[in-house]
Amino acid sequence: MIPFYKLQRYEGNAALFELVMMSIVSSYVGEPLHLHAEGLRGTGKTTIMRAAKGILPNITRIKGCIYNCDPEDPHCPHHKGMTEEEINRIGVEEIPMPFLEISHSAKVGTVVGSIDLAKLTDPARPEASMLPGLIPQAHRGILFVDEINRLADTSPEITDILLDVMGNKPGHIQIEEAGLPVVDIPVNVSIWAASNPDEDPGPLEEIRRQLSDRFDMVCYMGRPDSVDILAQMLEENSHRHKIKRNQEKRSQAENEAKDNEYRQKVIKWANTYNNTDLPDFLRNFIARLYIKHNIESIRAIEAMQQGAVLHSVISNRDKVMINDVTSMIPLVLKHRIDGDTLIRMVNDVESRGAREGILNFRGKKNKEKESEPEYFQHNARSLKDMSRNELVNTEKDLTPGEY
Amino acid sequence: MLEERTRIDKAASVGNYLSLYFGQDQGVRLGESTVVSRKGHARMPEKRVKGQIKILLNRDAGKSYLDYVEADQVVHIDIYHRPGIIDPRMVAQAIFNAMDEYFLDKDPQLKYAEDERFKMVADYANKIYVVSKQGKGTIYDLFQGIVKPYTEGEEGWDHLHILARLNRDEYYMVYIIAEAAEGVILASGVKLSRVRNIIHGNQKQEQDSYAGYIKLPWKNFKGHHAQQLPDKENVNQLILKLAEKFGGVDEIEEFMESYSTNVFKRKGIEQQKKKWGDVEHDLEQLEELGLIKNTPFGKIMSKKGLELKEYVIKHKCELETEIRRNIRKTPSGGSSRFRKMGEITNKNSEVEFTNHNKTINDPDKNWSGDLAVPETILQAMKNSFFRGDDSLTIKKEDLHFYDKKSYVPIDVCLLMDASGSMAGDKRQAACFLAEHMLLTGKEKVAVVTFQERSSEVVVPFTRNQSVLNKGLATITPAGLTPMADGIVTAVNLIKESKVRNPLLVMITDGIPNTSLWTTDAKADAMEAAYRIPENDIRFICIGVESNRYYLEKLVERAKGALYLVDDLNKDNLINIIHNEKKTILDSKRQMA
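Chains as they are written, first to last, in the working numbering: chain F, 225 to 627; chain V, 890 to 1481.
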């Protein structure tokens, strides 16, 4: 696999690189950010997302806890309510932030959790116990779903589960198995998805509107359109390159170093993110957008707020600016509102900029109305002043010339 | 007293005129600022004629404002005035009093029967509904001070919007109402507006003027180097708008070629209209955006226009994806109106596939399909315990299998009337339907057209979108309606192709007028219709109300169903097909 830093960046995929970083930072802090990359085949949706696995920072968990319990806030059925001493006795360990995938052979049992067959059929000591599925195991990490539109079409049951997990932040999941106690645990998982809206069964919002709304941001991928970039991509994927990469130890070390750089950055950004907040005037601005353009989804403006802060953080700033918010508008809203409204909104914000007073929606609106010329002349006589034969006028009477 | 009499006379004369003109389905201007009809009214900004009010013949007032089922129940009175504050309660009081006074004048005996008089007035008060910008309600409610709030964008911001449920012999009331309401407007210090003239027409679908809000990055437009996202979004949105109108990227190019400097590629406006309908609106918008300019030699593409064309060619892949995405969108069901007549009963074949999320355990049933291993082991564990086995054993009764789902594939053949009357929007709507069906379903689609004196298989049964698009692009409506020929061709196509549960959908806005075997076009089409049930083909016909009588008979012959719409637009067509597919699935479920 090509390491993250070697992937070609161009206009059409720049947004996804940013979003991936933002989501990693956010997940590291403990607030999921769900992404959906849509685009034609070969635009690198899956490649970029899978490559991000290499740069994920480490997280600390209670030793051996398959639910990735945070030692400071254990949540799983085994460790919940333990005292610090008890946890210290078990010990803690560092593991890479989980990055798991839901494939198309997934079943409800493998995704949520099911009875542990190995323990059940153990001839020496058969025991009924729970084996958590992919979602609980991906807690505090990332869960990747490729071709999510097909999954939504063929497995509505799994889709329902995703809806639950993505419904709130943190989401929650309930594992039920006949004969075992019900397990209900919170899960903090960022769902990353990729799909090609042009292939069967069509774009996600047509298959499961609800699920598409759950994604905080959607990134529309563009095709690479420069010869240089394509040539470099080909080179990176040539057979010689691939073989060489597998053999050379030196490049391994280099990759590791580069990945580490990203890791350090993520940790640094996560710290900044913890200390940054959206200024009040921008929060008002977002609220006004919601009212003015009749946006239906509250999730959309929540995502706009979260995204704006993250965007400023990964741009190495500690203050959020208006263009952090505006650059989030298309990402957050493209899958939620129709193209016309989006364009109106973007142009509205663009044309005025920060200086002309973004907070002043009303002033502008009124001005436009005044300049509109009057449709009628206001000199009509009242019915009382008219004689009987003037009262009723037909189209013919009023436009004599045309008949 | 003299004045009183004139009011009664005026009212009576107005009443007579109104019942005359309303009977002819016309509306009138009453006085200078009031428009009265039984239809909806609209301003006409599109024609840039000021002070004109259009009476929308296809919008009945009762149906559209008050959700009445029957037409012609409600008289619609609009009194235009300069925007200002008019208290609806005052209006209600004035009308109430005016009615009371009027009854008294007309029949002075009522003076001694106050209850009777009050009952009469109150009766009318419940049937009259007033909207001003300050609130709305029936006169009865308003009179008692109950005001419902006005909602932004509703009728009534620059006029008093009054709806009255009156019988033919009560139209004289219109004058009483209008005079009283005018009095309140003037008393509130607001001037009456002068309605210059009225015209009658149908309400058109609102044309979107996108030139107003799309901002093209023309000044620094450098093709794919357009760095900022909003610019690109703007261009893409413009192209999507155009695609909605013209059908696809290729057709946008074709349209733009019509304004190239290459004389051989230029198409006359008439030819364009035949294919795409009313192109003038879009042309205007493009001009406003600076993509097309006027020269002494006619309209040609400007430099910006050429750049846009280049952009389209360069980004065809992405644009086509976006366009297809829009085609896949299902319209919201509420807005469309159609009526279904007749019922179809055909048998369906089904396709089965495995459902990995549901298992069945039925030892008595013979099984075929995939074994569900985990569920089987669980069952075996349990059962071994009950059976008292020493170790895990698996018996037949333990086996779990994955369930099967099934669906009914329906291959659709569109039989499209391509006679002259279908030109423009109707053609576009039918083509859109074909694309929508292909993109949203798993089934094959075919298109057969009939026009002039013959019919043609434009698209054979296919799942290939480019085949479909190429075929559709060749449809140019013209000529007569040889329906019999069309039906025969479509039936033969279905017979020859390998199709599952064929559904033949005929879209027409006329009745046959070119014959096939005899000299009687209608009889020939009837004869041809027999072949549809003979070949076990499910048939629906989508037509317009005016041809109901003939189409009903035709559909009966064909053992099909008839859908009547008031307008052959995209949403209607798509909703009908969805409805039809749903009935087929429901009938399957009922049988099971």
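The beta carbon of each residue, even a glycine, is placed where N, CA and C say it ideally should be.
Residue i - partner residues in DSSP beta bridges
| i | result |
| --- | --- |
| S414/F | I366/F |
| L1361/V | None, per the DSSP bridge assignment. |
| V877/V | Nothing in the structure corresponds to residue 877/V, since chain V is present only between 890 and 1481. |
| G337/F | P356/F |
| Y1018/V | T1027/V and L1052/V |
| Q488/F | Paired residues: none, contrary to the question. |
| A1450/V | I1429/V |
| T1184/V | G1187/V |
| R1228/V | L1453/V |
| P320/F | N282/F |
| C443/F | A261/F |
| L919/V | V616/F and T923/V |
| D297/F | D294/F |
Contacts around residue i, its chain only, beta-carbon distance under 7 Å, and the 5 residues preceding and following it disregarded
| i | result |
| --- | --- |
| G1258/V | T1243, F1290, Y1291 and K1293 |
| K1111/V | At K1111/V the pLDDT is 38, less than 50, meaning the model places this residue with poor confidence and gives no usable figure here. |
| G278/F | P227, F228 and D483 |
| T496/F | V537 and D542 |
| N584/F | The predicted model places N584/F with a pLDDT of 45, which falls under 50 and marks its position as unreliable; any figure quoted below should be read in that light. So no residue of the chain qualifies. |
Proximal residues to residue i (C-beta, below 6 Å), its chain only, five neighbours per side dropped
| i | result |
| --- | --- |
| S611/F | none |
| L615/F | none |
| V1454/V | F1227 and N1461 |
| E1239/V | S1295 and V1297 |
| K1156/V | S1147 |
| R523/F | none |
| P427/F | P421 |
| T1397/V | D1306 and G1432 |
| Y234/F | P448 and I453 |
Cβ separation of residue i and residue j, assumed to be a contact under 8 Å, to the nearest whole Å
| i | j | result |
| --- | --- | --- |
| R438/F | M390/F | 4 Å |
| Q1340/V | A1307/V | 4 Å |
| L1260/V | A1269/V | In fact, because the Cβ distance is near 12 Å, the residues do not count as touching under 8 Å. |
| P356/F | Y291/F | 6 Å |
| M1395/V | L1304/V | 4 Å |
| L557/F | C443/F | Rounded, the Cβ-Cβ distance is 13 Å, inconsistent with contact. |
| T618/F | V917/V | 5 Å |
| K1025/V | K1037/V | 5 Å |
| I272/F | L231/F | 6 Å |
| V549/F | M569/F | Not really, about 12 Å apart at Cβ, beyond 8 Å. |
| I359/F | V413/F | 6 Å |
| F1417/V | I1376/V | For clarity, residue 1417/V is Ala in the given sequence; the question names Phe instead. Indeed they touch by this definition, with Cβ atoms about 4 Å apart. |
Of the residues the options, the one placed nearest residue i, counting alpha carbons only
| i | options | result |
| --- | --- | --- |
| G1330/V | K230/F, E460/F, K492/F and E430/F | E430/F |
| S353/F | Q361/F, A342/F, G426/F and P360/F | A342/F |
| K1022/V | D1030/V, Y1200/V and V980/V | V980/V |
| R374/F | I385/F, I226/F and E423/F | E423/F |
| M1230/V | N1125/V, C1430/V and V963/V | C1430/V |
| A494/F | A348/F, E255/F, H559/F and D340/F | E255/F |
| L1014/V | P1391/V, S1077/V and I1065/V | Contrary to the premise, residue 1014/V reads as Ala rather than Leu in this sequence. When only C-alpha atoms are compared, the closest one is I1065/V. |
| G1078/V | I975/V, K995/V and Q1033/V | I975/V |
| Y1029/V | A950/V, E1209/V, M988/V and K1471/V | M988/V |
| D294/F | V332/F, R313/F, K466/F and E318/F | E318/F |
| G1136/V | G1360/V, S1344/V, V1388/V and K1284/V | G1360/V |
| E1264/V | R1276/V, D1287/V, I1421/V and L1451/V | D1287/V |
| L264/F | I561/F, K608/F and G446/F | G446/F |
| G973/V | H602/F, L607/F, D609/F and T623/F | H602/F |
Cut-off 8 Å between Cβ atoms - residues of its own chain near residue i, not counting five sequence neighbours on either side
| i | result |
| --- | --- |
| P1401/V | T1370, P1371, M1372, A1373, A1410, K1411, D1413 and A1414 |
| R586/F | Summary for R586/F: the model assigns pLDDT 44, below 50, so the residue's position carries little reliability; its value from the coordinates is reported in the next sentence. Correct list: empty, nothing qualifies. |
| N1215/V | L1129, A1132 and E1133 |
| R464/F | none |
Beta carbon proximity, residue i to chain C, threshold 8 Å
| i | result |
| --- | --- |
| A527/F | Annotation note: the requested chain C is absent from the structure, which comprises protein chains F and V. |
The segment 504-518 of chain F in contact with the segment 237-249 of chain F per 3-pair CB rule at 8 Å: no
Does the count of Cβ pairs from the segment 943-958 of chain V and the segment 970-984 of chain V closer than 8 Å reach three? no
Stretch-stretch touch, CB-based, cutoff 8 Å, three pairs: the segment 894-910 of chain V with the segment 1053-1068 of chain V: yes
With a cut-off of 8 Å, do at least 3 Cβ pairs link the segment 1307-1316 of chain V to the segment 1197-1206 of chain V? no
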